[in-house]
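Protein chains: 2
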Amino acid sequence: MMRAMGRWEPDARGRLAKAALELYGERGYEQTTVAEIAKRAGLTERTFFRHYADKREVLFAGAVELENLFVAAVTDAPGSEAPLDVVARGLYAAAEMFTDRREFACRRQAVIMGNAELRERELIKLASLSAALADTLRRRGVAESTASLAAEAGVAVFKIAFERWIAAGEERTLAELTRESLDELRAVTSAG
Amino acid sequence: MMRAMGRWEPDARGRLAKAALELYGERGYEQTTVAEIAKRAGLTERTFFRHYADKREVLFAGAVELENLFVAAVTDAPGSEAPLDVVARGLYAAAEMFTDRREFACRRQAVIMGNAELRERELIKLASLSAALADTLRRRGVAESTASLAAEAGVAVFKIAFERWIAAGEERTLAELTRESLDELRAVTSAG
DNA sequence: CCGTCGATGACAGTCACTGACATCGACTCT
DNA sequence: AGAGTCGATGTCAGTGACTGTCATCGACGG
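The listed protein sequences derive, respectively, from chains W and S.
Anchor point for the first sequence: position 68 equals 68 in the working numbering, and the numbering is continuous, going up by one each time.
Count along the second sequence from 1, then add 1000; that gives the number in the working numbering.
What follows is the structure in structure tokens.
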């Protein structure tokens, strides 16, 4: 039986993530030490590194979830659709995931954009997403090079739509902005 | 007057870059300490950090040069061309820059692909390139969102063409592969 | 009641990176 | 020539991210 509380407070991982986002927001990423994060979460520095590989990773716990959502949407798409349309399904699925979390996404993004190391980590997460996407397309029978390009293009659309969603007020939805960016990509590349 | 040799051997920066690439190749990036790099270059650890901001940056000295080349090509393009065609000029200019340095590029890329931190750094350099490109397009009168998308798409093409150039033997040129990737991008995005 | 297990604490150690100050050949000015 | 400045480097002490190792102790199964 799980009791409400054992030897320790529950959800150490979540407490660390919350404390980290708060401190990164208050003092800035560089001015925050891991020991401080752990202390605010009622834990020790060593325990922080048992839950997160490094000081940056604590902001990217949702990346795996996002990737899975994306890949699932692509996998479930009808086999007849063109690669970029399939990727678009992934984009809309991702857009849904964020609808309830705008407040959180904004704070998080402000922290990430304020530090180069964090931007690097963000970029490699997006690259990982792109790779997973390309792989999924390949399994659907899309040619290697086409798959890579469709995935890269899709992730580029995601980046730009997300950026605009954060910059825009509450009135725009991520799904709308995704659609607009996608249309724009098509316009840009069709004129050649 | 510059004498052949003053108090120190010349080109400390270059010696550090050479030593770093060698050691990263021999032992791997993580197994190499900055002190070892400095020692091989006949310098001290402190001096390494006077020339390069961190242990990764020593592999990316050419990034600024690449960005300048790219931006210059885009700036010089005829004003009448479509955004993606303008970006394509930058791609071909970049392709030229690498023709003589395939050997070096291969070794460097092998090291980078072997380590996640180095891949992160590579990605942020490409993001910086994309931002510079978008900015240059904007100055040419291209709309904000179109500029970002054209720049992102162009960099995606560069990434994929470069990857294939490294993977392919000597017989393929980067310019050829760039053209192919660009055509493929147009094919993928036009079918929607 | 006993033994195992899993999450955490405690602690020492390595290494990336920084700030402050010393060194010393080159170069300039007179 | 001598004095003073300057720039690139060396030296050294320090911080903080991250790791390996062992100890602790409640939960849980027997």
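All residues carry an ideal CB built from backbone N, CA and C; glycine is no exception.
Any C-beta of chain W under 9 Å from that of residue i
i: S/L1185; result: yes
i: S/M1002; result: Unreliable placement is indicated for S/M1002, whose pLDDT of 49 sits below 50; the coordinate value is still reported in the next sentence. Not closer than 9 Å to any Cβ of chain W, the Cβ of S/M1002 fails to qualify, so no.
i: S/E1067; result: no
i: S/P1078; result: no
i: S/V1034; result: no
i: S/V1157; result: yes
i: S/V1188; result: yes
i: S/P1010; result: no
i: S/I1166; result: no
i: S/L1084; result: yes
i: S/A1153; result: yes
i: S/T1146; result: yes
i: S/A1063; result: no
i: S/I1037; result: no
i: S/E1176; result: no
Where residue i sits in the DSSP three-state scheme
i: S/Q1109; result: helix
i: W/F49; result: helix
i: S/G1090; result: helix
i: S/W1008; result: coil
i: S/M1001; result: The pLDDT assigned to S/M1001 is 49, lower than 50, so where the model puts this residue is not dependable; a value taken from the coordinates is nonetheless given after this. Three-state result, S/M1001: coil.
i: S/Y1029; result: coil
i: S/P1083; result: helix
i: S/T1044; result: coil
i: W/T173; result: coil
i: W/A72; result: helix
i: W/D183; result: helix
i: W/R13; result: helix
i: S/R1119; result: helix
i: W/D135; result: helix
i: S/K1055; result: coil
i: W/R140; result: coil
i: S/G1154; result: helix
Neighbour flag for residue i against chain S, beta carbons, 9 Å
i: W/L133; result: no
i: W/K18; result: no
i: W/V74; result: no
i: W/E170; result: no
i: W/V111; result: no
i: W/I160; result: yes
i: W/A93; result: no
i: W/V58; result: no
i: W/R121; result: yes
i: W/L149; result: yes
i: W/E30; result: no
i: W/E180; result: yes
i: W/A105; result: no
Buried/exposed call for residue i, threshold 16 Cβ in 10 Å
i: S/A1019; result: buried
i: W/R50; result: exposed
i: S/R1203; result: Here chain S covers residues 1001 to 1192 and nothing more, so residue 1203 of chain S does not appear.
i: S/E1009; result: exposed
i: S/S1080; result: exposed
i: S/M1002; result: Caution is warranted here: a pLDDT of 49 is assigned to S/M1002, below 50, making its placement in the model unreliable, and the coordinate value is therefore given only provisionally. S/M1002 comes out exposed.
i: S/V1188; result: buried
i: S/T1044; result: exposed
i: S/P1083; result: buried
i: W/T178; result: buried
i: W/A252; result: Summary: the structure shown does not reach residue 252 of chain W, with chain W confined to residues 1 through 192, and so no result is reported for it.
Proximity of residue i and residue j at Cβ, strictly below 9 Å
i: W/L23; j: W/L59; result: no
i: W/S145; j: S/E1184; result: yes
i: S/I1112; j: W/R119; result: no
i: W/A161; j: W/L133; result: no
i: S/F1048; j: S/L1016; result: yes
i: W/A156; j: S/A1156; result: yes
i: S/R1107; j: S/G1169; result: no
Inter-residue CB distance, residue i and residue j (contact presumed, cutoff 8 Å)
i: W/L149; j: S/S1181; result: 7 Å
i: S/A1094; j: S/L1066; result: 6 Å
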